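Written below as structure tokens is the structure these notes are about.
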DNA sequence: GCTCCGCTTTTGACTATACAAATAGATATA
DNA sequence: TATATCTATTTGTATAGTCAAAAGCGGAGC
């Protein structure tokens, strides 16, 4: 274990155990230098890493202090369905239910903050995991941002995965909510009308332009999000 | 802007824009040293930061490469309700509906991975935002982990907030799912039986011991989680 | 062909040092 | 008293080097 890792985990342990509480002062760099008999650079690296994770705050002249916990900043892995299913060892397939090229309506345009006449590809897709409908995906792809979508049939690759290959990195906004299944959704997902469903809405951008907007609706009895947050992970 | 920040954002921009795609090789350190006319430490710091964020992977001898995007690693702020409401400028109050000290049942004990006879404080709490019921909180607090909960009435501070002061840093696991309101829940939340509700389950540990287990149920029409993810944030 | 050995490249960790920026607190000045 | 200035402390960034560990590659030997 490297010195800088030792410093990092030592301090982290003191914070997590409650030994050092929010607002408490952390020894200044030269004290840690003396304690660990290393150079200031090494101490600085450890403290900077702790600061970047939000466990401490650092201020010139005054020193470093244990931060107030950020109530619960949780990292959740929200994956595309096929990858998720594969990782969990389930069999996944999908069907394209609808595919058409249209122009954005007024209301949608406002929702997406995009011009009302923008050309889009509108997709509807059913995901089936282990033989049961697991999600219905309603997607809008902006054709000026991803012109190659015009020729793609999505017969062999799910839209989410395909887009990831086209647009590798992006900004994204997520909304998770609970909704009741309407008649159409219930029929497609083979569940009851009014059944509680978990809905994930995601809008992604690249270079400030909307790439895609998608709502994925899961039946509540067959899907949940789970995530673990732990400060320890160096 | 510091040199190391410039290197960081330059490379990040190339990745986000899609200019450099997953699997592409990033210039080795000495090339970047030449390009930016700086020391190897500075380059290394920038690349390490990129690696820590999962944007690149580094391997000795072979070099650094653009990572495959982690589909959607999203940071969601899951806060305690009173803080959340205050931040959004809403009026928040709460009522303790039930408070009793018991021992864990067999089924619960298994679910929490705790001994079946452990003494717990069981709380039920209604959160009211802007005059409307916004969430029902069903909580178990392990009394051996937080003995001071035995004397706390929670009359003036919500249990979540109180616990945060007692146990400042912890590991937590979250599950988000959609459930239908049962009769009791519907009555308390002043909604219809069967209404879709968003349920957040959180189990918190400190030093390997369960501190608390809580399920917070929100009416689907009055609550959602939202979070933005963007790789750019140095 | 195959295996082992050593060479080379690249990242990883670290040192010792330097100067700059921020700023709390003390001191001097109006 | 209020304000401006100085000083000491602490962090932030950067340099120029060292040594080490990992791992790809080619060649020697079988």
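Chains as they are written, first to last, in this note's numbering: chain A, 1 to 234; chain B, 1 to 234. C-beta: ideal position from N, C-alpha, C; glycine also. Just so it is clear, the structure is predicted and the values come from calculations on it, not from any experiment.
Item: Please name the residue in 30/A, 18/A, 157/A, 68/A whose C-alpha comes closest to that of residue 96/A.; Value: 157/A
Item: Out of curiosity, what's the CA-to-CA distance linking residue 31/A and residue 50/A?; Value: 17 Å
Item: Considering only residues of the same chain and omitting the five flanking positions on each side of residue 36/A, which have a CB-CB separation below 8 Å?; Value: 3, 6, 7, 42, 43
Item: Just verifying my parser: in three-state terms, what is the DSSP assignment at residue 229/B?; Value: strand
Item: Which residues bound the beta strand (DSSP E) around residue 95/A?; Value: 92-103
Item: Since residue 175/A meets chain B, which of its residues come closer than 9 Å, beta carbon to beta carbon?; Value: 224, 225, 226, 227
Item: Is the Cβ-Cβ distance between residue 140/B and residue 167/B less than 8 Å?; Value: no
Item: In chain A, what lies closer than 7 Å to residue 69/B by C-beta?; Value: 164, 168, 169
Item: According to the Cβ coordinates, are residue 195/A and residue 220/A closer than 8 Å?; Value: yes
Item: Buried or exposed, going by whether 16 or more other CB atoms sit within 10 Å of the CB of residue 207/B?; Value: exposed
Item: With a cut-off of 8 Å, does the C-beta of residue 25/A fall near any C-beta of chain B?; Value: no
Item: With distances taken Cα to Cα, identify the nearest neighbour of residue 79/B among 9/B, 147/B, 201/B, 209/B.; Value: 201/B
Item: With a CB to CB cut of under 8 Å and the five nearest residues on each side skipped, what residues in its chain are close to residue 161/A?; Value: 80, 82, 83
Item: By alpha-carbon positions, which one of 131/A, 199/A, 150/A, 108/A ends up nearest to residue 178/A?; Value: 199/A
Item: List the residues of chain A whose Cβ lies closer than 8 Å to the Cβ of residue 21/B, in chain order.; Value: 168
Item: For residue 17/A and chain B, any beta-carbon pair shorter than 8 Å?; Value: yes
Item: Would DSSP call residue 8/B helix, strand or coil?; Value: helix
Item: For residue 53/A, does the three-state DSSP call read helix, strand or coil?; Value: coil
Item: For residue 30/A, which residues does DSSP report across the bridge?; Value: Paired residue(s): none; residue 30/A is not in a bridge.
Item: With 7 Å as the C-beta to C-beta threshold (strictly closer), list the residues of the stretch 83-116 of chain A near chain B in chain order.; Value: 83
Item: Going along the chain, which residues of the stretch 124-158 of chain A sit with their C-beta nearer than 9 Å to a C-beta in chain B?; Value: none
Item: Could you name each continuous alpha helix (DSSP H) segment of 4 residues or more that falls completely within the stretch 165-189 of chain B, going from the start of the chain to the end?; Value: 183-189
Item: Looking at chain A, is there any beta carbon in it that lies within less than 8 Å of the beta carbon of residue 38/B?; Value: no
Item: Can you grab the Cα-Cα spacing for the pair residue 137/A / residue 163/A, in whole Å?; Value: 14 Å
Item: Keeping to the same chain, check which residues put their C-beta closer than 6 Å to that of residue 124/A; ignore five residues upstream and five downstream.; Value: 97, 98, 138
Item: Counting only C-beta atoms, is residue 180/A closer than 8 Å to chain B at any point?; Value: yes
Item: For a test of the three-state rule: what should DSSP assign to residue 295/B, helix, strand or coil?; Value: Since the first residue shown for chain B is 1 and the last is 234, residue 295/B is missing from the structure and cannot be characterised.
Item: On the DSSP bridge list, what partners appear for residue 121/B?; Value: 101/B, 141/B
Item: Comparing C-alpha positions only, which one of 12/A, 224/A, 22/A sits nearest to residue 69/A?; Value: 22/A
Item: Under 7 Å between beta-carbons, which chain B residues line up against residue 198/A? List them in chain order, please.; Value: 177, 178
Item: By the 10 Å Cβ neighbour count, where 16 or more other Cβ atoms means buried, how is residue 155/B classified, buried or exposed?; Value: exposed
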